Every structure is written in structure tokens, then in C-alpha cells.
Amino acid sequence: MRTLVTGASGFIGTNIVEAFLQQGRPVLGIDIAAPKIDTHRDVYRNVDIMDSNALGRVFDDFRPEAVLHFAAHAELEERKGLAHFDANIAGVQNVINAVRVTGGVKRSIFASTRLVFDIGYVPRSETDYHASTLYGVSKAKGEDLVRAASDDLGTWTIVRPTGIWGPWFGEPYRNFFEMVERGWYVNPSRRPAFKGYGYVENSVYQLQKMLEAPKENVHGETFWLADYEPVLVADWAARIADEWGSGPIRDVPFPLLRAASVLGDGLARIGVRFPMTSFRLNNLTTDMTFDMSATEAVAGPLPFSLEEGTSRTIDWLRSQR
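In terms of our numbering, the sequence shown opens at residue 11 and continues consecutively.
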């Protein structure tokens, strides 16, 4: 199946293209950034999804049978307003239009985000959005556009990546691995948190299974993208420390971290980055788990365990130095 990947130079997009190339699948990646891996340049076009004409031309030239839409403006900048995230709204509409006009697309998967819901919020339905960031609001609007265009997209699916990590990642999970290595990461004492994270090669495997699944199992469905079992952050941090060969993880009283987060909030308001904010502290100390049964029913057992993913990630980090 000829597959076009938008956002192909991003974290998940890079892993999708790499997996497809290794498997000999015909793939084309588009992005406004150059590929992270040199071997991807032969299957890459510099195309902005906000340029509807250029997007239409690449669809016409490549004639994809499947589209994986992972291009997005992903940051937590709040000061510039919702227009700052228009790639997540108008950009989605441009991809929808390209699929509609080109024809021949049998499968399409549109990536959203877990941030369409605030952390800890339990939605009453898949569209009971409760975003606390403009990024999350913009992705919810993108989801609505996909659902409204349902009849024009062939067999379509929405996926919501949770906290995905692994080779080619960046902030925040790369920071997490490196802070553990340096002994800078600390556990909030007496605040254990379970997280529904996902190792990226498992996520790519899940996406492939969704492309291959019978239509009735995936059409119009919304799936979480994550590993099936949540991880206890403190235990995972200890495992990462063992893999690095660094020292034990220290516990820090929550009130001290709370004070640091208030300082971080103040610095953020004047444009100064600080490692701790209230948003990050809340993420660190609040359970974030998801019902993965629907995803598991489609994708089945995952190829990599937490231990294997952690080891492969640290091997990759070492290879980048």
C-alpha cells in the first residue's frame, strides 16, 4: 500500500518512515523540516500542509493509497492565541481536501493528542473535550473536521498518542532520560503516579495493524496510541537509571517541588524557561491511564517490552553522542 506520511521529519513520523523503508513498503514523507535520517531523503518532499496547492501536487504525483497525517504544530505556547496553531486546524482541512480530490486513498489515519482532555479528566464520550491548552483545543477542532468529512476519507481512523518515547524523540521525554542519567531527576515523595506511556516502535506497529485491519474494526474509530500497561514513573525512572549506570533516584518533598513550580510559572510569564511549572508538576503527580482494550483488540501483542524499549532508547541516545 503506497503510504504518504505528513510530519515525516517529526519524532513519530521519522519512526514510521524508517519502519516502512526497512520493510520495503512504498512510502513518501512530507515535512517543512529536513529528515533526521539521511536515508529518508530519497523518499522526502519539502511540503507545507498549509500550502494547499503544493499539498495537492504531491498527492497527485504520488497517488497514495494510505495517508498517515502526523504533521502538527505541537507546543504549549499560549501567548500567541489559537491562530498560532492553525496548522492543526486549516492544515487538517487541507489534508482532507487533498484526500477528497485525489481519490484512490483507501485508508487514512489522523493523529490527534491526549491533550484534547485535561490530565485526570474522565470524558463521557470521545468528543467530550476538556482541553486546558490551546494546542489541545486546536487538535480537538481538527478531530471535528475529520469526523465531519467522514464520507470523503475512505476508511478513516483517529489516533490519540499519549506520552510516546523512544529513538528520535525530543522534549519532554528525552529530557527525562537525560535528567535521570545526570542525577537531576527526583521523585515527588509520597506521590506515586501511573502513566499510560508508549514506546514509539510499538506505536508504529499499532499504526500498521490499523492500516491492515478489516474496515469494520477501524472505520470511524478513535484509538489511544500507547502501550497496554501503565508504568509507575518512579519504577521506570529507577530502571532507566540502572540502564545508564547512574545513581539511585532521590525523593523530594512535594511542597518543595510546588514552590519551584510557582517560581517556574512566574518565569514563564516573562518568557524564561524553567524546568518545573505547575503544568509539569501536575503531569508528574497525576495518574494518566487509558482504556487500551480497543487498540489491543486491533493490534494484538506488542513487539517490545518496557525493558527492551528502554534499552533500545538508551542505546540510541548513546549512538547520537
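A virtual CB, placed ideally from N, CA and C, is assigned to each residue, including glycine. Keep in mind that this is a model prediction, so the values were computed, not measured.
Going by the DSSP bridge assignment, what does residue i pair with across the sheet?
| i | result |
| --- | --- |
| Lys-205 | Val-241 and Met-298 |
| Thr-16 | Ile-40 and His-79 |
| Pro-133 | Pro-133 pairs with nothing; no bridge assigned. |
| Asn-56 | Asp-41 |
| Trp-166 | Ser-118 |
| His-140 | Phe-127 |
| Val-196 | Arg-260 |
Below 8 Å on the Cβ atoms is my guess for residue i versus residue j; work out the distance and round it to an integer in Å.
| i | j | result |
| --- | --- | --- |
| Ile-26 | His-79 | Not a contact, Cβ separation roughly 11 Å. |
| Thr-16 | Arg-35 | Not confirmed; about 16 Å, so no contact. |
| Val-126 | Lys-90 | That belief does not hold up - the Cβ atoms of Val-126 and Lys-90 are roughly 20 Å apart, past 8 Å. |
| Val-190 | Ser-256 | 7 Å |
| Thr-4 | Ile-250 | Nothing in the structure corresponds to residue 4, since the chain is present only between 11 and 331. |
| Gly-164 | Val-111 | With 8 Å as the limit, Gly-164 and Val-111 do not qualify as a contact, their Cβ atoms being about 13 Å apart. |
Between the alpha carbons of residue i and residue j, how many angstroms are there, rounded?
| i | j | result |
| --- | --- | --- |
| Leu-31 | Ala-18 | 13 Å |
| Ala-322 | Phe-314 | One detail in the question is off: residue 322 reads as Arg in this sequence, not Ala. Answer to the nearest angstrom: the Cα atoms are 10 Å apart. |
| Val-57 | Asp-41 | 5 Å |
| Lys-116 | Val-156 | 15 Å |
| Val-147 | Ala-141 | 6 Å |
| Pro-45 | Arg-51 | 6 Å |
| Ser-199 | Ala-84 | 31 Å |
| Pro-98 | Glu-153 | This sequence places Asn at residue 98; Pro is not what is there. Their Cα atoms are separated by approximately 9 Å. |
| Ala-194 | Trp-178 | This sequence places Trp at residue 194; Ala is not what is there. Taking the straight line joining both Cα atoms gives about 22 Å. |
| Gly-114 | Ala-43 | 27 Å |
| Val-169 | Arg-124 | 9 Å |
| Phe-175 | Val-210 | Note that residue 175 corresponds to Trp in the displayed sequence, not to Phe. Roughly 6 Å between the two C-alpha positions. |
| Ile-129 | Pro-182 | 16 Å |
| Met-286 | Glu-226 | 44 Å |
So, does the CB of residue i fall closer than 8 Å to a CB anywhere in chain B?
| i | result |
| --- | --- |
| Ile-26 | You won't find chain B in this structure, because it holds only one protein chain. |
Considering residue i, what are the terminal residues of the beta strand (DSSP E) in which it resides?
| i | result |
| --- | --- |
| Asp-261 | 260-262 |
| Gly-173 | 173-175 |
Could you pull the start and end residues of the alpha helix (DSSP H) that residue i belongs to?
| i | result |
| --- | --- |
| Phe-69 | 62-72 |
| Trp-234 | It is not in any alpha helix (DSSP H) - Trp-234 instead sits in the beta strand (DSSP E) that spans 231-235. |
| Val-27 | 21-32 |
| Glu-88 | Here Glu-88 belongs to no alpha helix (DSSP H), and DSSP marks it neither H nor E. |
| Met-286 | Here Met-286 belongs to no alpha helix (DSSP H), and DSSP marks it neither H nor E. |
| Gly-180 | Looking at the DSSP string, Gly-180 is not in any alpha helix (DSSP H), and its letter there is neither H nor E. |
Using a threshold of 8 Å, state whether the C-beta atoms of residue i and residue j are closer than that.
| i | j | result |
| --- | --- | --- |
| Phe-204 | Met-220 | no |
| Thr-167 | Gly-208 | no |
| Ile-22 | Ser-329 | no |
| Val-241 | Leu-316 | yes |
| Tyr-145 | Leu-86 | yes |
| Ala-236 | Gly-274 | no |
| Glu-231 | Ala-304 | yes |
| Ala-244 | Pro-202 | yes |
| Ala-93 | Ile-59 | no |
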